[in-house]
Amino acid sequence: MRISRTARVALGCLTAAGLAIVYVPLLLVLLNSVNTDRSFGWPPSGLTGRWWRAALHSEGARQALLTSLKAGFAATAIALVLGTLAAYAVHRHRFFGRRTVSFLLVLPIALPGIVSGIALNAAFRTVLDPIGIGFGLFTVVVGHATFCVVIVFNNIGARLRRIAPSLAEASADLGARPWQTFRYVTFPAMRSALFAGGLLAFALSFDEIVVTTFTAGPGTRTLPIWIYENLARPHQAPVVNVVAALLILASVVPVYIAQRLSSDTAGGRL
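Under full-length UniProt numbering, residue 270 is the last one in the sequence shown; the count climbs by one each step, no gaps.
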């Protein structure tokens, strides 16, 4: 489709404005992490690396980071298992209620975080409290897994739709058992989608704050919660910017890899 020069200029301006809205605040966070002024004055009065040294020696930030890593890896592991099995069942088998199951699996990611948080909080109080399991890392992992499963399910489902069923049929005709077909044919073809889904699920879990607020115990602080609690403290604000800057930098690589793997059309090769 051919568009006029005016339309191209207008679309370019709108695109630039949209990107500026997203990325200018991120650049400001990076700049404030080396700003000598505690109050984030503009323009910066100078550049310094002392806030980065302070962040590295912050015990609270290190503990929060460790908690976030534990929750993220555990939730991702659960999501990889359940999401892969669910996607394989929905997209490789025909059974009554298949579309309903698919809808119910995707629904958690569409619900507002505060609704999911309240629902999980009530469910944990009703089910876990009577058996002596309180709020803590376990409840955070379960809460995160509810929406991480959706990411893996969607990634694996999209890849399975692109894998020709004739490949599995040919494998069976050659005498391979179902497990052998999955191991040597299906799994290699969807391996990159599995890896991409795991990366995105971990990133989503690592950044989650709303559901975490409702499912974490008093002594359980993930990194987003630590940032939120310390942002209003004048002496911690520069350190918070450093932690936020590290999260921005650390998110670029996995998101880029996941995007490359998800857009791969060569059967799972990077």
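No residue lacks a Cβ here, since even glycine has one placed at the ideal position from N, Cα and C. No experiment lies behind these values; they were computed from the predicted model shown.
Practice item. State the start and end residues of the unbroken alpha helix (DSSP H) segment that holds D173. Key: P165 to D173
Check your understanding: Roughly how far, in whole angstroms, is the beta-carbon of V243 from the beta-carbon of A55, given that I think they are within contact range, below 8 Å?
Key -> 6 Å
Check your understanding: Helix, strand or coil for L47 per DSSP?
Key -> strand
Check your understanding: Thinking just about the alpha-carbon of each residue, which of E229, I225, R99 and G72 is nearest to the one in G198?
Key -> G72
Exercise for review: Confirm, please, whether the CB-CB distance from T186 to I163 is below 8 Å.
Suggested key: yes
Check your understanding: Are the CB atoms of A232 and A75 nearer to each other than 8 Å?
Key -> no
Check your understanding: Are three or more beta carbon pairs between the region 79-99 and the region 150-158 nearer than 8 Å?
Key -> yes
Exercise for review: Would you list the residues sitting across from N230 in a DSSP beta bridge?
Suggested key: Partner(s): none; N230 has no beta bridge.
Review point. Using CA coordinates, which residue listed in T139, E59 and I3 is at the minimum distance from Q236?
Key: E59
Exercise for review: Go through the region 2-28 residue by residue and report every complete run of the alpha helix (DSSP H) that reaches 4 residues or more, in order.
Suggested key: none
Check your understanding: Is it a yes or a no for the region 12-32 touching the region 201-216, going by three-plus beta-carbon pairs under 8 Å?
Key -> no
Point to revise | Contacts around F206, its chain only, beta-carbon distance under 7 Å, and the 5 residues preceding and following it disregarded | key: S68 and G72
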